[in-house]
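In terms of the working numbering, the sequence shown opens at residue 25 and continues consecutively.
Beta carbons: idealized from backbone N, C-alpha and C, even for Gly.
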Amino acid sequence: MTDIAIGQVTEASAGFVGARVPRVEDLRLVTGAGVFVDDVHRPGMLHACFVRSPIPRGRILGIDVAEALALDGVYAVFTAADLNPGVHQFSYSLDAPGLPPVPRPALAEDEVRFVGDPVALVIAVDRYVAEDAVELVVVDYEPLEPVVDYRTAHETTELVHAQSPGNLAGALSGRPAAELDPIFESAAHVVRQQIFQQAYAPVPMETRGLVAEWWAPSGELTVWASTQVPHEIRGFCARLLGIAEHCVRVIMRDTGGGFGLKAAPWREDVCIVLAARKLPVALKWIEDRQENLMAGGMARHEHGDVRMAFDADGTILAAAIDYVQNVGAYPTPSPLTAAIPVGMLFPGPYRVPAATFDVRLMYSNTVGRVAYRGPWQFESVAREVLLDTAARRMGMDPVAVRRRNMLRRDEFPTFNANGMPYSDVSPSETFEQALAMLDYDAFRDQQRRARADGRYLGVGTCTYLEPTTGGTPLHSTEGATIRVEPSGKVNVYVSGGSSGNSLETTVVQLTADALGVDIADVHTIQGDTALTPFGGGTGGSRSGSMLAGAIAETAAVLRERIVAIAAHKLGAPVEDVELTLGRAWVRGVPDVAMTLAEIADIAYFNGYDLPPGVPAGLEASGRYRTPHMMIWANATHVCTCEVDIETGAVTLLRYIVSEDCGPMINPDVVEGQIFGGTVQGIGGALYEHLAYDDSGNPISTTFMDYLLPTATEVPVIEVGHVETPSPGPGGFKGVGEGGAIGAAPAVINAVVDALAPFGVEVGQLPLSPAAIVALVDRARAELTGTVSA
């Protein structure tokens, strides 16, 4: 249980929502007092370490654990024969009906399918002994030909999973592409480009981890998890073991980042829970960084063949995307849910009369795909890079092309050409605000002067629409319980949990305003399934809107009860009683008042003083159900950079985001989310690469090889706000994923714009220094006619 108090508000406001309230999480986190999974210690606790496959694909012929078991301090070594029969049901709430099933053994049985595939589980007195014992487990493999390149996975007879012909994990198509052929054939301009995005990893500060403790006398399981979804883990574990949900308690304290990696339990989590049932004490597993980069999931790794048709003036006539995604060997959860929006959203925030898409998901012998922050981000990469390419080929400024085609606020609600409903957004308005913040024309003048001096400056933009909230049955409702204690202090219970998105701060702000109490008197309890109402967790940029709805539903009931008691005691009509900052007073007679503590004393201890029909106590529970399939947010990112054409180094000069997430609950929290996501997008454009060699071996499993951006590489991020209220509670929208969606396309376009004098076009990411030098060298050779075949 986390009990959090609020600090001082830094700016005057009629209410606490909208104010820059300091984050309540920060005191414990910056002083090192946070509690993460590795901080959990249980009596006699044992530690786990996995034996992992060193080859990408192979048949398991035998496993010899005798030498490992003989090592002092080793308690047990489990293989698939020990654990896999214990699986009652392996399913996720996000596995929508009708999607192709994904086979997922707890431990590899007959075959390993990627380097890092868990083959055996060693249990020992501490992590060090367990790691030593892992080296003593002898696994006899018969190597098999791996499917390494997902782009050619459909051409081979080798199958990652025997039940998936052609290595196809799923597919979805829009209208027949042939219906658009007449438009493309008659268009004044047709621009086509293939864009490949590399694999990269979520890389949370805290790696995956789990402590599981089985209490045999009562048949109960307690799990301490680093997770975004405590209630999903509870349900998953109950299904896994075939026990009632009330027999499972999941506790999440602090979580050092999730980014989608921790939105569902993984196979390692399954193994720890199954093993814990066989042990007399708790079992802990903490993933090290090498495991995380080898087996902790990958993101992005995808490509698209994209095309647009334009008339002579640069107006878009049609758009199409043929999109292929690598889902690895064991995607988590089922991948098609997050891939569908890539096709459906491809027209983006533009007037596109006709569009279609083809989405294919391919298995390969690489680590499984995870729904990383903004999992449909590629559609923005493909669309925005293609628009810049099209503008240059048509001899137009990229901004002019966007201005001609971008939707304005007054054109909503509408449907895009694939049937996706859009509403309550302002893409043109954020676009213009971001350009004004930059002073676009002044930058173009600066760019021309720099080129005359042999310096290459560039500017790139990305404008996108983002679906937030709702979207799946798991995400469609959210609950809250609010209790005013006899002292007048307030506790609010929500599923929530601290995973870096400031839900604790958000909840106390929302509750203080909804209930009419002083924010200093509000505390929140989150992340414990034994105490909190069911919730869908953090994901899909849903938390702000859904929690606002749950708190509003609940606080309304409680506030009505508080006002009724006060009116009865003060001898005033209910409609004349105001409740502000924990004080009920009669309108026009401010001295006639009661404190919330006095009202609570009546509610709990003087039941005979309660007005007729008002129940005793001051506690209420409520559940919000969103009537909206999704709530839309949008933003524009603008990046300027300088490229050194001799070294390939990219220096980011300015970075601007104009965001429309509706009214802001806390501007500091909103901007913090934008900053974090933007840096991840910058990393994906320029630095990060979860690379494999041609044989299927991962070659970037340490931070010496996997490059992350640091504060040195990232400029100050300037943020502007446009507010278009959503139809949801408070007009709030989601903001968590947007930065990661918009940043990569803006950076890519800035780099390519800097290199425009050489005619460079980009089809392969990331834009590493070596890649940029190669692009410039090739472009120079083509210009001089010396390029080789």
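- Stretch pair the segment 325–342 + the segment 199–213: three plus CB contacts closer than 8 Å: yes
- Query: Helix or strand or just coil, what does DSSP make of G352?
  - Reply: strand
- Query: Do you know whose CA, among R607, S645, A673 and A608, lies nearest L571's CA?
  - Reply: S645
- CB-CB under 6 Å to A104, same chain, minus the five flanking residues each way: which ones, in chain order? L131 and E133
- Item | Every unbroken alpha helix (DSSP H) inside the segment 542–600 [4 residues or more] | 567–594
- Message: Measuring only the C-alpha atoms, how far is E244 from L264?
- Response: 13 Å
- Message: Suppose contacts are defined by Cβ-Cβ distances below 9 Å. Is A627 in contact with G641 by that definition?
- Response: yes
- Task: Ignore the nearest five residues each way along the sequence and tell me which others in L603's own chain have a CB closer than 7 Å to its CB.
- Result: G540, R583, I586 and V587
- Query: If you run the structure through DSSP and keep just helix, strand and coil, what is A38?
  - Reply: Residue placement at A38 is flagged as unreliable, the pLDDT there being 49, under the threshold of 50; the coordinate-derived value follows with that caveat. If DSSP states are grouped into helix, strand and coil, A38 belongs with coil.
- Item | Neighbour-count burial assignment, E35, 16 or more Cβ in a 10 Å radius | For E35, the predicted structure reports a pLDDT of 35, less than 50, and the residue's modelled location is therefore unreliable. The matter cannot be settled from this model.
- Message: Here's the rule I'm using: 16 or more other beta-carbon atoms within 10 Å means buried, otherwise exposed. How should Y387 be labelled?
- Response: buried
- Same chain only: Cβ atoms within 7 Å of S500, ignoring 5 sequence neighbours per side: G494, R649 and T650
- Message: Taking the straight line between their C-alpha atoms, what separation do you get for H327 and Q222?
- Response: 9 Å
- For E670, which of V694, G524 and D801 has the nearest alpha-carbon? D801
- The beta strand (DSSP E) enclosing P167, as first and last residue numbers: V162 to P167
- Query: When burial is assigned at 16 or more other CB atoms within 10 Å of the CB, is L385 buried or exposed?
  - Reply: buried
- What's the gap between the Cα of A536 and the Cα of E159? 55 Å
- Item | Proximity below 9 Å, CB of F370 to CB of E403 | yes
- Task: Kindly give me the distance between the Cβ atoms of A225 and L789, rounded to whole angstroms, as I take these residues to be in contact under 8 Å.
- Result: Contact doesn't hold; Cβ gap of about 15 Å is too wide.
- Item | Residue from A288, I79, G56 and G122 with nearest C-alpha to L168 | I79
- Query: If you run the structure through DSSP and keep just helix, strand and coil, what is E490?
  - Reply: strand
- Go to S197, then tell me how far its beta strand (DSSP E) extends in each direction, as first and last residue. L192 to S197
- Message: Does R151 come out as helix, strand or coil in the three-state DSSP assignment?
- Response: helix
- Message: Cutting at 6 Å between CB atoms, please list the residues of its own chain near R277, excluding the five before and the five after it.
- Response: V59
- Task: Identify whether L307 lies in helix, strand or coil by the three-state DSSP scheme.
- Result: strand
- Message: Would you say S197 lies against chain C (beta-carbon separation less than 9 Å)?
- Response: The question asks about chain C, but that chain is absent: this structure has only one protein chain.
- Message: Do V693 and T454 count as a contact pair if the criterion is CB distance below 9 Å?
- Response: no
- Task: Tell me, to the nearest whole angstrom, how far the beta carbon of T725 is from that of L317; I am working on the premise that it is less than 8 Å.
- Result: 4 Å
- Message: At the level of alpha carbons, what is the spacing between T231 and H325?
- Response: 21 Å
- Tell me whether the beta-carbon of A363 lies closer than 9 Å to the beta-carbon of V376. no
- Which residue comes first and which comes last in the beta strand (DSSP E) that contains I741? I741 to H745
- Message: Only counting the same chain, and skipping five residues up and downstream in sequence, which positions put a Cβ closer than 7 Å to that of V667?
- Response: Y480, G482, V674, V775, A778, L779 and I796
- Are there 16 or more other CB atoms within 10 angstroms of the CB of N350, so buried, or fewer, so exposed? buried
- Query: Where does C685 fall in DSSP's three states?
  - Reply: coil
- Could you pull the start and end residues of the alpha helix (DSSP H) that E695 belongs to? P691 to L710
- Which class does T501 belong to by DSSP, given the choice of helix, strand or coil? strand
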